[in-house]
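These notes concern the structure reproduced below.
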Amino acid sequence: MDNPLYTVAQIRAIEQSAYATLPPGTLMQRAGRAAARFAMELLGERTPGNSRPVLVLAGPGNNGGDALEVAANLADAGIDATVLHLPGRQDASEETATAHERARDGTVGFIDMLPPDGDWGLVVDGLFGIGLARPLEGALEGDYRDLVAALEALRCPILALDVPSGLDADTGAVVGPDGIAVRATHTITFLGDKPGLHTAAGRDHAGQVRVEMLEVGPEHLPAAGARLGSAELFARCLAPRRHDTHKGSYGDVAVIGGAHGMLGAPVLAARGALLGGAGRVFVAMLDAGPGYDSVQPELMFRNADDLDLDGRTLVIGPGMGGSAGAMRLLAKALDGNSPLVVDADAINLIGASPDLLGRLAGRRAPTVLTPHPLEGARLLGMTAGVVQADRLASAREMAVRTQATVLLKGSGTVMARPDGAVVINPTGNAGLATAGSGDVLAGICGTLLAQGWPAWEAAIGAAWIHGAAADLLVAHGIGPVGMTAGELPAAARAVLNMLVQESLG
Ligand SMILES: NC(=O)C1=CN([C@@H]2O[C@H](COP(=O)(O)OP(=O)(O)OC[C@H]3O[C@@H](n4cnc5c(N)ncnc54)[C@H](O)[C@@H]3O)[C@@H](O)[C@H]2O)[C@@H](O)CC1
Ligand SMILES: [K+]
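With full-length UniProt numbering, letter number 145 in the sequence shown gets 145, and the count goes up by one each step, no holes.
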């Protein structure tokens with residue numbers, strides 16, 4: 001299944017192309033019908049026979065027109081719908097004006113302000129969609145800010161039309177330095193899915209996303225530069241294991257890191273690599289550390305300076321620090337021909353050294369970088385805030401500068417390639433916001449490279465499997481609160497085996 005993600009500019013182009021073949025207002029009417037159906041599903045799910053009214057928030061533009069259509073459709077279905085309409089200063093479009101008339105002519109109720117004691121069965125957010133041009137603000141502009149803040153206190157489902165109001169559909173950032181956006185439980189998005197619903201603040205604001213194409217056919221759709229991840233994107237790498245194999249058949253991983261005081265990081269990465277299926281896994285410590293891992297005694301511990309790096313997949317950086325020794329080892333790893341995952345301190349070192357960056361960009365072997373936003377920011381010479389403001393553009397820029405596959409961690413992990421292709425990972429949860437989970441991810445990425453996966457599939461697969469492992473743990477009550485990184489490798493192993501099993505059909 002292909003899950004394209006379109007920019008606002010592309011959605012506008014799809015709209016224009018489709019409108020050229022349709023009578024005016026058709027798409028808005030279709031959007032209104034589809035969203036009203038979704039609203040009724042949500043009302044039905046809550047309590048059968050729920051008679052609490054639906055509050056529909058309608059803004060000044062066509063997103064508000066969609067909302068008015070929803071209200072009219074709900075009223076036609078006998079549902080008590082109340083519209084809070086904030087018309088704005090400019091004239092509404094013809095379609096929105098028509099939708100307004102339709103709602104006015106029916107049994108829809110209209111109010112001017114949110115009653116303090118409203119008891120709603122559902123709120124429909126049709127304030128702003130892809131036309132949001134600036135942050136939501138106060139009094140002069142119709143009290144959008146206070147209205148959205150007041151929704152936070154409601155306990156009913158909130159269905160956002162197209163995009164939760166206040167969220168940037170391209171980036172997933174809340175618009176404005178001190179901005180606010182609707183926190184929806186569900187979003188029905190029109191004419192194609194949008195990256196901003198799946199990364200940065202997007203996942204928290206969009207809730208569950210349903211894509212509604214409004215009967216617009218594929219001939220109107222452009223090529224997407226970004227897509228939402230799925231197991232199908234790496235399915236071709238999921239080979240069942242043959243009987244006649246041995247540990248050498250599944251690759252060696254060496255995790256290089258572990259300066260004094262940070263010895264756990266490479267061990268976590270190594271456990272991720274081992275349970276992810278590599279034949280043999282080494283932990284190459286920079287400083288004297290433990291001789292073995294009592295939890296996972298299969299791991300082989302070496303001094304980093306003594307380990308032969310050739311013929312192994314390397315994961316370099318976890319807990320590595322920034323010593324001269326670390327730098328020397330990193331230069332050696334970058335110059336070699338081994339598949340490589342560059343993580344944590346190794347990324348910081350590259351960010352501070354044009355020489356190391358040059359060696360990285362000159363590599364030929366498969367290479368994946370796994371920065372979190374701050375490491376990514378160091379690589380680009382900017383702040384983490386700037387990276388987060390546009391995660392897709394930042395990841396693309398990192399991929400261009402490093403000529404490597406980049407996996408930018410965070411809610412809605414973004415994978416980017418130097419040619420500009422982007423995938424946003426859909427799995428995972430807040431349980432991953434814990435020390436060491438990134439080390440395990442680097443280990444999983446390394447183990448997939450060691451088993452022969454190309455860099456792109458290894459990055460997409462590692463993010464997907466790591467997130468799905470966290471989702472599996474949550475399903476068993478292990479998180480999101482209190483999930484630990486050490487619990488991830490076994491869960492990732494379960495996910496990987498399930499995927500292999502499923503790939504057999
Ligand atoms: N693109 C399409 O083909 C379709 C679009 N539809 C809907 O139309 C929406 C886009 O409509 P519009 O382009 O009218 O844009 P919006 O309805 O998202 O908002 C634009 C309006 O809001 C005002 N505005 C923007 N930011 C503001 C702010 N912070 N405070 C106060 N006012 C602000 C603008 O001046 C303009 O009047 C989509 O998101 C979707 O919901 C649907 O009708 C289906 C078809
Ligand atoms: K909206």
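The beta-carbon is built from N, C-alpha and C at its ideal position, and this holds for glycine as well.
What is the C-beta distance between residue i and residue j, in whole angstroms, given that I count them as a contact (C-beta under 8 Å)?
i, j, result
"Leu167", "Gly192", "With 8 Å as the limit, Leu167 and Gly192 do not qualify as a contact, their Cβ atoms being about 16 Å apart."
"Val386", "Ala377", "7 Å"
"Ala36", "Leu74", "5 Å"
"Gly436", "Leu268", "5 Å"
"Ile465", "Gly229", "Their Cβ separation, rounded to whole angstroms, is 11 Å, which puts Ile465 and Gly229 out of contact at 8 Å."
"Gly106", "Pro53", "Between Pro53 and Gly106 the Cβ distance is about 14 Å, and since that is not below 8 Å, they are no contact."
"Thr199", "Gly64", "Not really, about 26 Å apart at Cβ, beyond 8 Å."
"Thr479", "Gly431", "In the sequence under discussion, the amino acid at residue 479 is Gly, which differs from the Thr named in the question. Confirmed, Cβ separation roughly 3 Å."
"Ala72", "Arg102", "5 Å"
"Ile444", "Ala492", "6 Å"
"residue 513", "Ala389", "In this structure the chain extends from 1 to 505, so residue 513 is not present and cannot be described."
"Ser165", "Leu132", "7 Å"
"Gly217", "Gly258", "Incorrect: roughly 55 Å between the Cβ atoms, too far for contact."
"Gly415", "Ala470", "In the sequence as displayed, the identity of residue 415 is Met instead of Gly. That belief does not hold up - the Cβ atoms of Met415 and Ala470 are roughly 17 Å apart, past 8 Å."
"Leu136", "Gly179", "7 Å"
"Pro318", "Ala442", "6 Å"
"Thr171", "Leu392", "7 Å"
So who's on the other strand from residue i, going by DSSP bridges?
i, result
"Leu57", "Leu84 and Asp125"
"Met40", "Partner(s): none; Met40 has no beta bridge."
"Glu367", "Per the sequence presented here, residue 367 reads as Thr, with Glu not at that position. Partner(s): Leu340."
"Gly109", "Thr82"
"Ala284", "Ile256 and Arg302"
"Glu212", "Phe190"
"Leu407", "Met415"
"Ala226", "Leu5 and Val422"
"Leu314", "Ala254 and Leu340"
"Leu197", "According to DSSP, which records beta bridges pairwise, Leu197 is partnered with nothing at all."
"Ile158", "Val123"
"Val174", "Leu167"
Ligand 1 heavy atoms versus the CB of residue i: any closer than 7 Å?
i, result
"Arg280", "no"
"Ile11", "yes"
"Gly131", "yes"
"Ala31", "yes"
"Tyr6", "no"
"Phe190", "yes"
"Gly61", "yes"
"Arg328", "no"
"Phe210", "Before going further, note that residue 210 is Arg rather than Phe in the sequence given. No, Cβ of Arg210 sits at least 7 Å from all heavy atoms of ligand 1."
"residue 506", "An answer regarding residue 506 cannot be provided, because it is not within the stretch 1 to 505 covered by the chain."
"Glu215", "no"
"Arg134", "yes"
"Met28", "yes"
"Gly202", "no"
"Glu15", "yes"
"Gly88", "yes"
"Tyr292", "no"
"Glu137", "yes"
"Tyr144", "yes"
When you compare each of the options to residue i by their alpha carbons, which one comes out closest?
i, options, result
"Pro24", "Thr96, Arg89 and Pro4", "Thr96"
"Gly336", "Ala173, Gly322, Asn348 and Leu356", "Leu356"
"Ala4", "Val341, Gly479 and Ala223", "Note on identity: in this sequence residue 4 is Pro, with Ala being the wrong assignment. For the residues Val341, Gly479 and Ala223, the minimum Cα distance to Pro4 belongs to Ala223."
"Leu499", "Leu132, Gly118, Leu233 and Leu55", "Leu233"
"Asp306", "Leu488, Leu286, Pro177 and Met28", "Leu286"
"Val56", "Tyr19, Ala13, Gly452 and Leu147", "Leu147"
"Gly362", "Pro373, Ala333, Thr434 and Arg396", "Ala333"
"Ala181", "Asn303, Gly65, Gly321 and Arg134", "Arg134"
"Leu448", "Asp117, Asp80, Ala239 and Phe38", "Ala239"
"Ile350", "Asp112, Glu152, Leu380 and Leu432", "Leu380"
"Val406", "Ala393, Ala421 and Thr370", "Thr370"
"Pro366", "Arg396, Gly438, Gln451 and Gly420", "Gln451"
"Arg183", "Pro195, Cys156, Asp170 and Gly176", "Cys156"
"Val124", "Phe38, Ile424 and Gly78", "Phe38"
"Arg280", "Ala469, Ile188 and Ala254", "Ala254"
"Pro115", "His205, Leu159 and Leu151", "Leu151"
"Pro87", "Asp76, Met113, Gly118 and Ala81", "Met113"
Could one say the Cβ of residue i lies closer than 8 Å to chain C's Cβ atoms, at least one of them?
i, result
"Gly172", "Given the protein chain composition of this structure (a single chain), no chain C is represented."
With a threshold of 7 Å (Cβ to nearest heavy atom), would residue i be considered close to ligand 4?
i, result
"Ala269", "The model on display carries ligand 1 and ligand 2 but not ligand 4."
| request: Give me every residue whose Cβ sits closer than 7 Å to any heavy atom of ligand 2, in chain order. | output: Asn63, Asp125, Gly126, Leu127, Phe128, Gly129, Ala160, Leu161, Asp162, Val163, Pro164, Ser165 and Val182
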